[in-house]
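Comments concern the structure below.
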Amino acid sequence: MENLRSEKEKEFNNSQFSTLYSTLLYIHIPFCDSKCNYCAFNSYTNINHLKKEYFSALKTQFLHEISSDTQFKTMFIGGGTPSTMDAGFYERLFGLISPYLKNVEEITIECNPNTSYEWLRDIKNLGVNRISFGVQSFDEEKLKFLNRNHSPSQALKAIQNAKKAGFENINLDLIYSTALDTKELLTKDLNTAFSLPVTHLSAYSLTIEENTKWEGDFSKRKYDEELEIWFINKIKEKFRQYEISNFGTPCKHNLGYWEGKEYFGIGAGAVGFKKWRMENGEWRIFRYYTQNNVHEYLKDPTKYQYEYLTDNDIKKEKVFLGLRSIIGFDEDILNPQEKKRAGILVKENKLLKKEKRIYSYDFLLADALTNYILD
Ligand code: SF4
2 MENLRSEKEK EFNNSQFSTL YSTLLYIHIP FCDSKCNYCA FNSYTNINHL
52 KKEYFSALKT QFLHEISSDT QFKTMFIGGG TPSTMDAGFY ERLFGLISPY
102 LKNVEEITIE CNPNTSYEWL RDIKNLGVNR ISFGVQSFDE EKLKFLNRNH
152 SPSQALKAIQ NAKKAGFENI NLDLIYSTAL DTKELLTKDL NTAFSLPVTH
202 LSAYSLTIEE NTKWEGDFSK RKYDEELEIW FINKIKEKFR QYEISNFGTP
252 CKHNLGYWEG KEYFGIGAGA VGFKKWRMEN GEWRIFRYYT QNNVHEYLKD
302 PTKYQYEYLT DNDIKKEKVF LGLRSIIGFD EDILNPQEKK RAGILVKENK
352 LLKKEKRIYS YDFLLADALT NYILD
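Going by the working numbering, the first residue of the sequence shown is number 2, and it counts up by one from there.
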């Protein structure tokens with residue numbers, strides 16, 4: 002497939018920019034300083050010598066995908082650890098992308114809490130307006146257990162430095178359900194987080210994944226549903242929950258994913274999502290996947306694998322993602338039997354129906370509710 006954009010694609014976009022193609026941009030940085038024990042992301046610690054070449058590959062892929070009328074509404078630089086790249090890398094990156102950021106509303110970058118003030122200031126000056134720190138915990142022992150390479154005091158300092166550098170939109174990632182977690186430890190973590198100038202928390206329950214240091218070792222996780230619910234409710238005392246793992250001022254980029262908007266995926270192991278109208282008028286909706294392996298990606302950054310989505314796949318995603326978040330879904334995507342089952346849940350006060358949209362009261366039940374409705 003040549004360029005993933007087609008002229009007719011524009012018809013699909015109901016954006017505020019009537020003559021522009023408005024979309025989201027994700028850029029993946031696969032480098033990390035050390036590997037966390039639980040991490041299954043596409044990230045590497047032994048290929049730092051490839052950082053320079055990596056820029057050239059990103060540029061090649063980006064120029065292959067972009068068209069002159071594209072404008073990004075949001076951009077998210079994730080990883081890996083984007084803060085392992087020096088500010089000069091981002092100066093060059095923004096030099097490449099800035100013509101397509103004229104209407105951008107949010108630019109997020111993920112960083113490690115050992116990041117310096119100077120780096121944060123330089124990144125802010127480039128136009129990044131949302132920063133996300135992989136804090137995970139403020140407990141020294143828990144950080145060592147997870148094999149994070151920062152200390153609690155570095156995290157505190159980095160968040161204060163981000164504020165000093167002018168960031169108003171600051172996120173912390175926290176991890177819970179590790180074997181070390183107790184109400185006491187988690188309360189301390191939350192009290193520290195709440196005392197800082199943060200606008201958003203992402204809280205992820207530990208999962209034991211394949212191809213990680215902890216693969217198969219379930220002793221590293223705590224299975225305590227009561228503790229999990231207690232922790233989520235504790236966060237909700239301070240920040241509004243708008244998605245199963247996310248609280249506070251919503252991240253527009255992630256909302257875009259959950260709303261089913263199209264996005265560009267640039268970088269090794271990145272994923273893009275496109276809606277493409279064929280000559281016969283039918284829509285093709287698909288994800289494309291770049292190569293995970295950085296060496297292979299550098300050789301050919303535009304070699305993709307495609308996953309075509311059926312109408313049923315799309316419906317399932319809309320219902321599931323809608324019920325995990327404040328987004329909800331339009332009841333007209335359901336067939337009559339499914340509508341009937343959704344209606345039963347509305348009557349039982351498990352779902353809320355507002356005009357034609359259906360919302361969940363409890364995002365933690367998204368799996369079960371989706372399975373019941375779509376059966
Ligand atoms: S910093 Fe993030 S991406 Fe890197 S190893 Fe740790 S969890 Fe994985």
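Using N, Cα and C, we set each Cβ at its ideal position, and we do this for glycine too. These figures come from a predicted structure and were not determined experimentally.
If you run the structure through DSSP and keep just helix, strand and coil, what is residue i?
i	result
Ile345	helix
Gly89	helix
Ala180	coil
Asn372	helix
Arg325	coil
Asn4	Confidence at Asn4 is low in this model, with a pLDDT of 40, below 50, so the placement of that residue should be treated as unreliable; the coordinate-derived value is given next. Residue state, collapsed to three classes: coil.
Phe18	Its pLDDT being 31, under 50, Phe18 is placed unreliably by the model, and the measurement read from it follows with that caveat. Coil at Phe18, not helix or strand.
Glu356	coil
Arg241	coil
Tyr289	strand
Asn130	coil
Thr109	strand
Thr303	coil
Ala204	strand
Arg122	helix
Leu310	strand
Gly96	helix
Asn281	coil
Val381	Residue 381 lies beyond the range of the chain shown here (2 to 376); nothing can be said about it.
Val320	helix
Taking only heavy atoms of the ligand SF4 into account, decide whether any of them is closer than 7 Å to the Cβ of residue i.
i	result
Phe42	yes
Cys112	no
Thr1	Lying outside 2 to 376, the shown extent of the chain, residue 1 is not represented and no answer is given.
Gly81	yes
Gly257	no
Lys221	no
Lys145	no
Cys252	no
Lys52	no
Lys214	no
Gly135	yes
Lys304	no
Lys276	no
Lys36	yes
I'd like to know whether the C-beta atoms of residue i and residue j end up nearer to each other than 8 Å.
i	j	result
Val382	Thr371	Within the shown structure, residues of the chain are numbered from 2 to 376, placing residue 382 beyond reach of any answer.
Lys145	Ala180	no
Ile236	Tyr27	no
Ala159	Pro114	yes
Phe73	Tyr101	yes
Thr208	Cys40	no
Thr82	Phe139	no
Ile30	Ile78	yes
Cys112	Ser152	no
Tyr91	Leu51	no
Leu202	Phe240	yes
Leu175	Ala204	yes
Lys357	Asp333	yes
Gly25	Lys262	The amino acid at residue 25 is misidentified as Gly; the sequence shows Leu. Contact flag set, yes.
Asn172	Ile132	yes
Thr75	His254	yes
Leu346	Tyr373	yes
Glu104	Asn130	The displayed chain sequence assigns Asn, not Glu, to residue 104. Contact: no.
Pro251	Ala58	no
Ala367	Leu324	yes
What does a CB cutoff of less than 7 Å around residue i pick up in its chain, not counting 5 residues either side in sequence?
i	result
Leu97	Lys60, Phe63
Glu260	Ile328
Glu297	none
Ala369	none
Among residues of its own chain, excluding the 5 on either side of residue i, which ones have a beta-carbon nearer than 6 Å to its beta-carbon?
i	result
Tyr360	Gly329, Leu353
Lys143	Leu181
Leu121	Asn162, Ala163, Ala166
Gln242	Phe248
Glu211	none
Lys221	Ala180, Trp215
Tyr309	Phe287
Val272	Gly266, Arg288, Tyr290
Asp123	Ala88
Gln17	The predicted position of Gln17 is uncertain, since its pLDDT is 31 and thus under 50; a value taken from the coordinates is nonetheless stated next. Excluding positions up to five away in sequence, the list is empty.
By Cβ distance below 8 Å, which residues in the same chain neighbour residue i in space, the five residues on each side in sequence not counted?
i	result
Leu365	Ile230, Ile233, Ile245
Ser117	Asn162
Asn4	The predicted model places Asn4 with a pLDDT of 40, which falls under 50 and marks its position as unreliable; any figure quoted below should be read in that light. Same-chain partners within the cutoff: His65, Glu66, Ser68.
Ser178	Ser206, Leu207, Arg222, Lys223, Tyr224, Asp225, Leu228, Glu229
Lys340	Glu332
Ser44	Pro31, Phe32, Cys33, Lys36, Gly80, Gly81, Thr82
Gly135	Thr82, Glu111, Cys112, Asn113, Pro114, Arg149, Asp174
Please specify which runs of the beta strand (DSSP E), each continuous and at least 3 residues long, are wholly inside the segment 250-277, giving them in chain order.
-> Listed in chain order, the complete beta strand (DSSP E) runs (minimum 3 residues) inside the segment 250-277 are 264-267.
Length at least 4, wholly inside the segment 49-87: the alpha helix (DSSP H) runs in chain order | Here the runs fully enclosed are 52-66.
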